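Enquirer:
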Amino acid sequence: MLTDVLVVGAAIVEDGRLLAAQRAEPPELAGGWEFPGGKVDPGEHEADALVRECVEELGVHVRLGRRVGGDWPLGKGYIMRVWLAEIVSGVPEAKEHLDLRWLTADELYGVPWLPADLPIVRAVEDFLREGYSRRGVT
């Protein structure tokens, strides 16, 4: 029996804005916008994987807060789990992405999100509009 591949994503919020990342690859996803993150390695804890991915992709260390929703289907046997996060050190750099942007709640839909990420964006929008970032991610 096949099991889903687990992918983790960070909804990094700072000053009422969400950090969005533009995919560089694969070709069929390049140019689309997503939450930073990646696959959980075998034997790796989800939270550790997400912290690792943020260091590798963005050059930042993050503190994770609460989960955003449950399991988000990405298709082709992948599911994603997303956490609210805040940067504790570093400045985000597009190390593996084409571009990064900080988006306010009113700017969230100004970039072409990957279709699988859109329901998560809607969930995070509620946190932004409620001023969640001013209260921290926990």
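So the sequence shown is numbered by UniProt numbering: it starts at 1 and just counts up by one.
Here a beta-carbon is modelled for each residue, glycine too, at the ideal position from N, C-alpha and C.
The model shown is predicted, which means the values in this text are computed figures rather than measured ones.
(1) Please report how far the alpha carbon of ASP4 lies from the alpha carbon of MET80, in whole angstroms.
(2) With distances taken from CA atoms, which of VAL111, LEU19, VAL8 is nearest ALA94?
(3) If contacts are defined as beta-carbon pairs under 8 Å, then VAL68 and VAL124 qualify, I think. What distance do you get, rounded to the angstrom?
(4) For ALA21, collect the residues of the same chain with a Cβ closer than 6 Å to its Cβ; drop the 5 residues on either side in sequence, then sort them by chain order.
(5) Within the same chain, show all residues whose beta-carbon is closer than 6 Å to that of THR138, passing over the 5 residues directly before and after it, in chain order.
(6) Enumerated in chain order, which unbroken segments of the beta strand (DSSP E) with a length of 3 residues or greater are wholly contained in the UniProt domain "Nudix hydrolase" (3 to 128)?
(7) LEU114 and LEU29 - do their beta-carbons sit closer together than 8 Å?
(8) Take the Cβ of ALA49 as the centre, count every other Cβ of all protein chains shown within 10 Å, and call the residue buried at 16 or more, exposed below.
(9) With a CB to CB cut of under 6 Å and the five nearest residues on each side skipped, what residues in its chain are close to LEU74?
(10) Could you tell me if GLY70 is buried or exposed, where buried requires 16 or more neighbouring beta carbons within 10 angstroms of its beta carbon?
(11) Within 10 Å of its beta-carbon, does PRO92 have 16 or more other beta-carbons around it, so buried, or fewer, so exposed?
(12) Where ARG134 and ARG17 are concerned, what is the direct C-alpha to C-alpha distance, given to the nearest angstrom?
(13) Determine the closest residue to LEU84 out of TYR78, ASP106, ASP126, TYR109, with distance taken between C-alpha atoms.
Expert: Let me lay it out:
(1) Here the C-alpha atom of ASP4 lies approximately 10 Å from the C-alpha atom of MET80.
(2) Nearest option by C-alpha distance: LEU19.
(3) Contact between VAL68 and VAL124 holds: CB atoms are separated by about 6 Å, below the 8 Å threshold.
(4) Once the five neighbours on either side are set aside, the close Cβ partners of ALA21 are GLU34, PRO36, HIS97, LEU100.
(5) Confidence in THR138 is poor, its pLDDT being 44 and thus under 50, which makes the residue's placement unreliable; the coordinate value appears in the next sentence. Closer than 6 Å at Cβ, skipping near neighbours: GLY65.
(6) With a minimum length of 3 residues, the continuous beta strand (DSSP E) runs that stay inside the UniProt domain "Nudix hydrolase" (3 to 128) are 5 to 14, 17 to 23, 37 to 39, 61 to 75, 78 to 89, 97 to 103.
(7) Contact flag set, yes.
(8) Around the C-beta of ALA49, 16 or more other C-beta atoms lie within 10 Å, and the residue is accordingly described as buried.
(9) Excluding positions up to five away in sequence, the list reads MET80, ALA116.
(10) The residue in question, GLY70, is exposed, as its Cβ has fewer than 16 Cβ neighbours within 10 Å.
(11) PRO92 is buried by the Cβ-count criterion.
(12) Because ARG134 carries a pLDDT of 45, less than 50, the predicted location of this residue cannot be relied on, and the following value inherits that uncertainty. Looking at the two C-alpha atoms, the distance is approximately 10 Å.
(13) When each option's Cα is compared against that of LEU84, the closest is ASP126.
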